[in-house]
Amino acid sequence: MSGMEFSDGFVSNEHRELHRSATESADPLSVSPLNIGNKSPRSLKSPTSPNSPRSPKVQGKSGNTSPLAHDRQSHSSVDGRPKKGGSGGKGTWGGLLDTDDSYTVDPSDPNFDSSEECEQPNAKPESQDFEEYKRKATVIVEEFFATDDITSTANELRELDMPSYSFYFVKKLVSKAMDRHDKEKEMAAVLLSALYADFIDPPQVYKGFCKLVESADDLIVDIPDTVDVLALFIARAVVDDILPPAFLKKQMNYIPKDSKGVEVLKRAEKGYLAAPLHAEIIERRWGGSKKRSVDDVKARINNLLIEYVVSGDKKEACRCIKELKVPFFHHEIVKRALVMSMERQQAEGMLLDLLKEAAEEGLINSSQVSKGFGRMIDYVDDLSLDIPNARGILQSLISKAASEGWVCASSLKSLSLEPGKPSLEDSVARAFKMKAQPIIQEYFLSGDISEVNSCLESENRTSSSDLNAIFVKRLITLAMDRKNREKEMASVLLSSLCFPADDVVNGFVMLIESADDTALDNPVVVEDLAMFLARAVVDEVLAPQHLEEIGNQCVAPDSVGSKVLKMAKSLLKARLSGERILRCWGGGGSSRPGWAVEDVKDKIGKLLEEFESGGGVREACRCMKELGMPFFNHEVVKKALVTIMEKKNERLWILLEECFGSGLITMNQMTKGFGRVAESLDDLALDVPDAQKQFGHYVERAKTAGWLDSSFSFSKSNGTC
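In my numbering, the protein residues as written are 138 to 858.
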């Protein structure tokens, strides 16, 4: 940066001195372009050559040594790390879901607050690795602003080999750029877009922006226009597809209402993203060029493949691929070619030949080939709705490519053909999906569980297991995109529906299999889905052994789904896990302390004992209401029935009559309670020899009284529903 550039606006003497020091410390002979190998930047917004009009170059000299070899200390005085490691705040899950232990109180931190020592009595000094990463990341950022060399920056970041700290690089890059001119701001935005996914995992980008928003109050001390500049960075990240639009609303719930972070998010949403033609305005705000949009490139890829199928000119097709100049987006060519070959099977041979030649010539590198096939594996279920036997066709394509040696099948996710598993008619599944969404959305507005049951009965008259699983998947998917209120409602509904456990298991299997795709729009999918899974176990919708069953069906060890299962198991093993999980979304009313499942069962047992020994119906009903867990009333039904059968005393039947008549226990909870007893009849028969006979009698009485649907039945041979 030349001295003249400081004339563009007010710059303090301190900033001038910082710039001078950083410039002097950067040895111009130490900068060398480093090879990235098979990795390449991903986003379309990144420059691909020194002539890119979008990212003007600052000329730097090259040498032989990596800048990291000098181990220089950062000259920056800004460290915007949010206090308490970002795990505090009302409405969050706090440290329960934290998997990164790198945040600890450091008295040398400029943001240090002495009150934090009291909050963290067992605090440890920050790890040496993180301190080292912070120092080196700062040097890399400074070097990037001096050279504008994306390839070298990406390579050096990869050499650090500390992906769990990448959020700090995002935070440092943006905070440094905020204090510089538009040129550096544009450079930072382009770099983030180029590094996204291939060099910095999406959740780390998400976390980095979370930290920036949380530290807005600190940043504004040194950067007066923090609100506007950071809002523009966030809006640019949304436009560049490296932050999901849901980031703004989700983050709004996690920061204090009077903080500058709220102003930043509001400015980004209302000041930038809500404006007409906002994408073009935001991209050009810092002098960015009129780059092609993702949709433009996708359209050109589609056109070149169609032209190739018509003409058969492989050389021309390869020339067009080169002219696109998007090597980091070649996975889209692979994916689109595979889809086209599945849709037009007569063109399959030609399209595979094109991909083979492009791969063998290095036009499309092996990383992009694998990524394209991986995306196809992720989307094959949706594709099956339009292309019968899509899984079988894709498996055939993978086998052909592997046999020709241009794709490594062992590096791809597992693609199970699931032989012998009956599937629904495509039209039936598609129609049910369309009808399930408005049912769930209406439930989120009304909270009427009985209405959901009525709708499900009319839409799924045959009680199809596949449709039940689809409903479970849709319910949780929609809830994960909403606030804690809807998440709690989804868990309550799941507990109230009398779906067989196998159907719920299949629903979670579908969710976990698609978790890698969901993570692109919802970076916290691991935490959300793990909590739903743990909550289902706590609510006894699933048994703990079902987690192993789900894990056995989701075989990819490095997938997002495997992380979900690992976190769910860890949540369930934690001390007081039942109480914490039940209260994770504010269940039962935020003013009351939560109950552990064991405590709830104990209280239900005691209130039934008191009623049986002469207590009043009204008092028993009041105690049930005070528990505040209507979705757990099936336990009342189960315990009451078991007691009646063991003691041959029907006083508790009176309580069940009153609870059903007053609406305190719904038909769904009755059905679930009777179902639980049916499942345990074999064990119960050890103490009550005529348990099956008695249970059959009470089932008929319950049907006559309208507590159970006439379709309710159980096998007297094994006691199952």
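For each residue, glycine too, the CB sits at the ideal point set by N, CA and C.
Where residue i sits in the DSSP three-state scheme
i, result
"residue 333", "strand"
"residue 302", "helix"
"residue 412", "coil"
"residue 722", "coil"
"residue 502", "coil"
"residue 394", "coil"
"residue 275", "helix"
"residue 803", "coil"
"residue 790", "helix"
"residue 360", "coil"
"residue 753", "coil"
"residue 846", "coil"
"residue 307", "helix"
"residue 605", "helix"
"residue 838", "helix"
"residue 689", "helix"
"residue 677", "coil"
"residue 467", "helix"
"residue 462", "coil"
Top-ranked residue by Cα proximity to residue i, from the options
i, options, result
"residue 402", "414, 412, 389", "389"
"residue 718", "345, 689, 665", "665"
"residue 793", "825, 616, 842", "842"
"residue 782", "280, 815, 287", "815"
"residue 302", "566, 271, 760", "271"
"residue 683", "347, 298, 637, 444", "637"
"residue 601", "569, 583, 589", "569"
"residue 440", "747, 787, 477", "477"
"residue 274", "323, 322, 337, 320", "337"
"residue 789", "817, 747, 823, 453", "747"
"residue 813", "331, 264, 680", "680"
"residue 385", "351, 446, 770", "351"
"residue 851", "825, 818, 822, 838", "818"
"residue 434", "310, 751, 467, 406", "467"
"residue 688", "464, 614, 509, 701", "701"
"residue 445", "515, 706, 486", "486"
"residue 655", "669, 675, 698, 621", "698"
"residue 107", "598, 505, 770, 322", "Residue 107 cannot be examined here, being either before or after the span of the chain that is shown, 138 to 858."
"residue 617", "507, 345, 661, 406", "661"
"residue 509", "519, 518, 535, 484", "535"
Whole-angstrom C-beta distance between residue j and residue i, which should lie under 8 Å
i, j, result
"residue 722", "residue 610", "About 19 Å; that fails the 8 Å criterion."
"residue 287", "residue 349", "Not really, about 21 Å apart at Cβ, beyond 8 Å."
"residue 778", "residue 807", "No, residue 778 and residue 807 are not in contact; Cβ-Cβ is about 10 Å, not under 8 Å."
"residue 379", "residue 333", "4 Å"
"residue 577", "residue 531", "Residue 577 to residue 531, Cβ: 30 Å. No contact."
"residue 342", "residue 307", "6 Å"
"residue 354", "residue 404", "The pair is not a contact, with the Cβ atoms about 15 Å apart (cut-off 8 Å)."
"residue 811", "residue 773", "That pair is no contact at about 12 Å."
"residue 742", "residue 784", "No, residue 742 and residue 784 are not in contact; Cβ-Cβ is about 14 Å, not under 8 Å."
Cα-Cα separation between residue i and residue j, rounded to whole angstroms
i, j, result
"residue 762", "residue 708", "28 Å"
"residue 295", "residue 374", "21 Å"
"residue 513", "residue 480", "13 Å"
"residue 545", "residue 470", "18 Å"
"residue 495", "residue 421", "34 Å"
"residue 292", "residue 414", "35 Å"
"residue 474", "residue 587", "47 Å"
"residue 318", "residue 368", "16 Å"
"residue 585", "residue 799", "16 Å"
"residue 592", "residue 659", "29 Å"
"residue 500", "residue 472", "15 Å"
"residue 703", "residue 298", "23 Å"
"residue 567", "residue 603", "12 Å"
"residue 622", "residue 452", "57 Å"
"residue 620", "residue 356", "28 Å"
"residue 651", "residue 448", "37 Å"
"residue 372", "residue 304", "18 Å"
"residue 326", "residue 424", "11 Å"
"residue 411", "residue 346", "20 Å"
"residue 745", "residue 757", "8 Å"
Assess, as a yes-or-no matter, whether the stretch 485–497 is touched by the stretch 516–527 under the definition of 3 or more beta carbon pairs within less than 8 Å. Because the criterion of three Cβ pairs below 8 Å is not met, the stretch 516–527 and the stretch 485–497 do not touch.
Using a Cβ distance threshold of 8 Å, determine whether the stretch 458–465 contacts the stretch 347–365, with at least three qualifying pairs required. Between the stretch 458–465 and the stretch 347–365, the count of C-beta pairs closer than 8 Å stays below three; the two stretches do not touch.
Would you check if there are 3 or more beta carbon pairs closer than 8 Å linking the stretch 611–631 to the stretch 392–400? Touching, no, given that fewer than three Cβ pairs across the two stretches are closer than 8 Å.
Counting pairs of Cβ atoms below 8 Å between the stretch 596–608 and the stretch 636–645, do you hit three or more? Contact between the stretch 596–608 and the stretch 636–645 is present: 3 or more CB-CB pairs across the two stretches fall below 8 Å.
Please confirm if the stretch 309–325 is in contact with the stretch 278–292, defined as three or more CB-CB distances below 8 Å between the two stretches. Touching, yes, given that three or more Cβ pairs across the two stretches are closer than 8 Å.
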